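J.: My structure is below; once you've seen it, I'll send some questions.
Shown next as structure tokens:
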């Protein structure tokens, strides 16, 4: 898009709207009705009404969300008002005169303004024309210049009793006459109130020195160099020319003399940069610009979760109004949680089951959907039913409501061109324009089957547990008995159903089967339980859809991202928040868009960052609610891995650089502020969130940062990325933000008009930024890209450089040329990225050794306990056989010898087992270390190979242009230089060397493992036998030979036996003392 031709145009304000129409404005709460004159200002900024007292009330057009007439408008409930409007008389024409205007800062906090005209059908004309304003993207994406004009219009509407513009600080009866405050004076006032030294600096750097103006030629050069999109075709979008730039000077220059001379002053430069010609958004993308003739599965679809809720998931109010508001916001998939109604009416209801949320009638929700479904977008709406109505009669009533309320809008049969057969794709949004599709379980029934029988058939969704149908007696509450619905339903659940309810799926896991009436309404959106990607591919049913909680979907996309992408090429998936998000918070939808999930359902009542991103992105493509996915996510012959960190085939990556220069009117209070810039995209995109410094002074009018640019160097797939700019007060309080798709961001200097948390435009706050969008080019290819894009400029600079070299007697020859030196192994190892790899490998080895050491310590502690137990048992046996008489002395000695021999055998067995386990653990440890080092050698090889590859690219490119002139003379030297450098052969040698070193270390460790195990066993046994250890030390000099002959010896010696006996005696004495102490206390 050319900077000289903005696409967005303001809405046309019809003459009858500026002249005004007589209405009666009524309010049900106060029971008041007042005659008013309803008008719209000539620029279409405000809807306002004037009372007979000359008092004026007005609504910002951007705050209006809907207009309603007839039966959908508000009807007075107050008896007094009903008498005034003769509502209780038959054949009254009140419905043909009523008009309701709905406004509010978000979808929940709404205000209803009710009017009654004096003539029939007048209200309908106003309703239609106001909706035309709302649908015009100019209203929400106006330029900074337009918003400043809007402030002036508001000032002239807010006149005091004397008909003057009131002042903020004034004495009584002070004010400004509107005639004394024309647009020219207003602009001068703004320049003095909010000086722009930042723009003065830009102006100075692009105009003739020592002259206080910019000529047409200078302005033309500035536009083509700084403000023009470099990707534009010069033929289709010609660069700016001086004769056309003259029109811009006439539009924005305040001085008539400068206009005649074709000059632009600094003040004119301010207004030019505020104009629509310098919008940060590619305005053509706000209109319907994508192809909508592809299958439904090729689009991201604006989707809502638990649409009826206005607050949290556990408690709060349910409202049919939420269906209107989500559809008016461009949502194309809404959810209805349907439950059976109570006698006597047995009207099906919508509520969040087993919670304290209120109920609404199923019928009311359908009427709200029917009235608002296609007000903003004509493309198909999907109703996602979570059906818990297990009575055939009530399901039949639901189906009948769908048919009668929706009428021809309801798609009841598949299109002839798209039958429900394997391999047949889904119809397109264009094919289904103006249609409502039902997503509900679908069963296959035999002709003539009795649906009133209390039995259920197996549905397509196998995850649902069959539930018994309550009888008439079960569903009736006795008179006078008050049983809460939640408690009554919980009592009917079995154990398996309660587990499903408590799971992450929530009530979705308890959905019941469908009967014939509801099944007949389902065609292209048939829900089934997901089994696997392989089974889905084999069946190839495009018309079935699976729903996943955010946790399940995250598990699938991390485990099988490519298969998930391919699945979404063929059929649709729906993602919804996990059941534990009771506060109705949202997950980031970006991760699921990255794998092509179509219906990423969010809680529309919560204006958090995920919802802000969703609303901002679906504002594009004409608010159709459908965004076409990239070819890689649609075509079956293409391969796309969302976790790729390298380039994506055929897709040109982008580099985005943004400089936050200044802000204007950020807050009504004097506060310090800062700005954050963040990118949402693929996992391989630069994820850093940048942040400016906090302003040193509490200046909200014109704070200046002008820091270094924030650069997102390599955005792999710009079509999936979006940029978020948010202004915050020092304490983190939200001021305003803007989220823009990267593909819609324009280069140049721009004023970014900020939005509220609910994505509504803010009139005053804005940021002034400089953006540079270009194709990503690695540093090593920068010169080559420049030469290919502008060869004349490149070789002119090259020739100039050569002449300077000749002038300095720097004659180029093969003998004196300085070839770049190739890197050695040591130099490569010192590189930053390679150093990170080595540190990571060192950390992995330390962690492995730590785990093995811990296992060895646990093993030794375990066997130390075994040894101690054997000794303690021996001591207890000795205590139980005391030698009290000489006659029993010999038998006691025999028992002691037998006990000692048994203990000795037990010790020997434990020792051998410990040594065997230590050997096995040691082998496992050294084998793991060897394999880990072998793996590290492979990583080093690949890392160095990559470094060498990139270095070769750099070396080759450095000489490419030089060889253009003297290729024959230097080709030999270049080839020799490449061959003499660090090559793949050297790298292979290094790889083999690392492997050999790891294996040699492994062999040495295995030779010493037996000795290490024996030492560990001895150290473990020393802890258990300190007396034996001392004896061994004393006898060691004279018994080395014997020790070698019998390494184990008698493990249980007399010293050990005496030691064990003493230990047991001490334990017995301590036990007796403890018992005496307890007896004394008793």
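Numbering (UniProt numbering), first residue to last: 1 to 1082. Where a beta carbon is used, it is the ideal one built from N, C-alpha and C, also for glycine. Please read all numbers here as calculations on a predicted model, not as lab measurements.
Counting only runs of 3+ residues fully inside the region 728-806, write out the beta strand (DSSP E) ranges in chain order.
T.: Whole beta strand (DSSP E) segments, 3+ residues: 734-741, 748-755 and 761-775.
J.: For residue 364, which residues in the same chain have their Cβ closer than 7 Å to its Cβ, ignoring the five residues on either side in sequence?
T.: Here residue 364 is taken as the residue at index 364 of the chain shown, counted from 1. Answer for residue 364: 320, listed in chain order.
J.: From what residue to what residue does the alpha helix (DSSP H) around residue 567 run?
T.: Numbered from its first residue, the chain shown carries residue 567 at position 567. Taken as a continuous stretch (DSSP letters only), the alpha helix (DSSP H) holding residue 567 covers 561-570.
J.: Within its chain, find whatever has a CB closer than 7 Å to the CB of residue 147; leave out the 5 residues flanking it on each side and keep chain order.
T.: Within the chain shown, numbered from 1, the residue matching residue 147 stands at position 147. The answer, listed in chain order, is 753 and 763.
J.: With a 10 Å radius around its C-beta and 16 neighbouring C-beta atoms as the bar for buried, classify residue 419 as buried or exposed.
T.: Counting from one through the chain shown, the residue named residue 419 turns up at place 419. It counts as exposed.
J.: Given residue 58, which residues of its chain have a CB within under 7 Å of its CB, disregarding the five upstream and five downstream residues?
T.: Counted from its first residue, the chain shown places residue 58 at position 58. Answer for residue 58: 46, 47, 48 and 157, listed in chain order.
J.: Is residue 769 near residue 727, with beta carbons less than 8 Å apart?
T.: Walking along the chain shown from the start, residue 769 turns up at place 769. Walking along the chain shown from the start, residue 727 turns up at place 727. No, these two residues do not count as a Cβ contact at 8 Å.
J.: Would the region 651-670 count as touching the region 615-622 if we require 3 or more Cβ pairs under 8 Å?
T.: No: fewer than three Cβ pairs fall under 8 Å.
J.: Residue 714 by DSSP, collapsed to three states: which one?
T.: For the purposes of this step, residue 714 is identified with residue 714 of the chain shown, where counting begins at 1. It is a strand residue.
J.: Looking at the structure shown, is residue 60 part of a helix, part of a strand, or coil, going by DSSP?
T.: To locate residue 60, count along the chain shown from 1; it is residue 60. If DSSP states are grouped into helix, strand and coil, residue 60 belongs with the strands.
J.: I need the DSSP call for residue 197, collapsed to helix, strand or coil.
T.: Mapped onto the chain shown, residue 197 falls at position 197. Correct three-state label for residue 197: helix.
J.: So, residue 385 versus residue 442, is the Cβ gap smaller than 8 Å?
T.: The residue labelled residue 385 in the question sits at position 385 within the chain shown. The residue labelled residue 442 in the question sits at position 442 within the chain shown. Contact flag unset, no.
J.: Ignoring anything shorter than 3 residues, give me the beta strand (DSSP E) runs that lie fully in the region 338-413, in order along the chain.
T.: 381-387, all fully within the region 338-413.
J.: What number of angstroms, rounded off, separates the C-alpha of residue 838 from the C-alpha of residue 431?
T.: Within the chain shown, the letter at position 838 stands for residue 838. Within the chain shown, the letter at position 431 stands for residue 431. Those two C-alpha atoms are separated by around 58 Å.
J.: Measure the beta-carbon distance from residue 620 to residue 632 and round it to whole angstroms, keeping in mind my assumption that it falls under 8 Å.
T.: The sequence position of residue 620 within the chain shown is 620, counting from 1. The sequence position of residue 632 within the chain shown is 632, counting from 1. 20 Å between Cβ atoms; not a contact.
J.: If I'm right that residue 66 touches residue 102 with Cβ under 8 Å, what's the distance once you round it to whole angstroms?
T.: By one-based count along the chain shown, residue 66 stands at place 66. By one-based count along the chain shown, residue 102 stands at place 102. So it is a contact: roughly 4 Å between Cβ atoms.
J.: Can you give me the C-alpha to C-alpha distance between residue 595 and residue 568, rounded to a whole angstrom?
T.: Start at 1 with the first residue of the chain shown, and residue 595 comes out as number 595. Start at 1 with the first residue of the chain shown, and residue 568 comes out as number 568. Cα to Cα, the separation comes out at about 8 Å.
J.: Nearest to residue 668 by CA position, among 609, 735 and 679, is which residue?
T.: Working through the chain shown from its first residue, we reach residue 668 at position 668. When each option's Cα is compared against that of residue 668, the closest is 735.
J.: Assign residue 211 to one of two classes, buried (16 or more other C-beta atoms within 10 Å of its C-beta) or exposed (fewer than that).
T.: For the purposes of this step, residue 211 is taken as the residue at position 211 of the chain shown. It is exposed - the Cβ of residue 211 has fewer than 16 other Cβ atoms within 10 Å.
J.: In whole angstroms, give me the CA-to-CA distance for residue 1101 and residue 412.
T.: Any property of residue 1101 remains undetermined from this structure, which presents the chain solely from 1 to 1082.
J.: What residue range is occupied by the uninterrupted alpha helix (DSSP H) comprising residue 261?
T.: As a working note, residue 261 is residue 261 in the chain shown. Counting along the chain, the alpha helix (DSSP H) containing residue 261 begins and ends at 256-261.
J.: Give every residue of the same chain whose Cβ lies closer than 6 Å to the Cβ of residue 749, excluding the five residues on either side of it in the sequence, and list them in chain order.
T.: Residue mapping note: residue 749 aligns to position 749 of the chain shown, counting from 1. Cβ within range, chain order: 273 and 770.
J.: List the whole-angstrom C-beta distance separating residue 43 from residue 153, where the pair is believed to meet the contact cut-off of C-beta under 8 Å.
T.: Taking the chain shown and counting its residues from 1, one reaches residue 43 at position 43. Taking the chain shown and counting its residues from 1, one reaches residue 153 at position 153. Right, the Cβ-Cβ distance comes to about 6 Å (below 8 Å), so this counts as a contact.
J.: For residue 689, count the other beta carbons within 10 Å of its own beta carbon; 16 or more makes it buried, fewer makes it exposed. Which is it?
T.: Mapped onto the chain shown, residue 689 falls at position 689. Residue 689 is exposed by the Cβ-count criterion.
J.: For the alpha helix (DSSP H) that residue 332 lies in, which residues bound it at each end?
T.: As a working note, residue 332 is residue 332 in the chain shown. Taken as a continuous stretch (DSSP letters only), residue 332 belongs to no alpha helix (DSSP H), as it is neither H nor E.
J.: Smallest Cα separation from residue 559: which of 642, 277, 634 and 537?
T.: Looking up residue 559 in the chain shown gives position 559. The option with the nearest alpha carbon to residue 559 is 642.
J.: Looking at residue 1014: is its Cβ nearer than 8 Å to the Cβ of residue 936?
T.: Here residue 1014 is taken as the residue at index 1014 of the chain shown, counted from 1. Here residue 936 is taken as the residue at index 936 of the chain shown, counted from 1. Taking 8 Å as the Cβ cut-off, residue 1014 and residue 936 do not qualify as a contacting pair.
J.: Taking C-beta to C-beta, are residue 92 and residue 86 nearer than 8 Å?
T.: Your numbering for residue 92 matches position 92 in the chain shown. Your numbering for residue 86 matches position 86 in the chain shown. Closer than 8 Å, so yes.
J.: Which of the three DSSP states, helix, strand or coil, is assigned to residue 653?
T.: As a first step, residue 653 must be located in the chain shown, where it is residue number 653. Coil, per DSSP.
J.: If you reduce the DSSP assignment to three classes, tell me which class residue 659 lands in.
T.: Looking up residue 659 in the chain shown gives position 659. Three-state result, residue 659: strand.
J.: The beta strand (DSSP E) with residue 308 in it runs from where to where?
T.: For the purposes of this step, residue 308 is taken as the residue at position 308 of the chain shown. No beta strand (DSSP E) contains residue 308, which DSSP labels as neither H nor E.
J.: At what residues does the alpha helix (DSSP H) containing residue 615 begin and finish?
T.: Position 615 of the chain shown holds residue 615. Its alpha helix (DSSP H) spans residues 609-617.
J.: Quick check on the burial criterion: 16 or more other C-beta atoms within 10 angstroms. Buried or exposed for residue 193?
T.: Taking the chain shown and counting its residues from 1, the one referred to as residue 193 is at position 193. Under this definition residue 193 is an exposed residue.
J.: What are the boundary residues of the beta strand (DSSP E) that includes residue 135?
T.: Position 135 of the chain shown, counted from the start, is the residue given in the question as residue 135. Looking at the DSSP string, residue 135 is not in any beta strand (DSSP E); the run it does join, the alpha helix (DSSP H), is 122-135.
J.: Looking at the unbroken beta strand (DSSP E) that takes in residue 439, where does it start and where does it end?
T.: Mapped onto the chain shown, residue 439 falls at position 439. Here the beta strand (DSSP E) through residue 439 covers 436-439.
J.: Determine contact between the region 279-292 and the region 319-339, defined as no fewer than three beta-carbon pairs at a distance below 8 Å.
T.: In short, these stretches do not touch, since the Cβ pair count stays below three.
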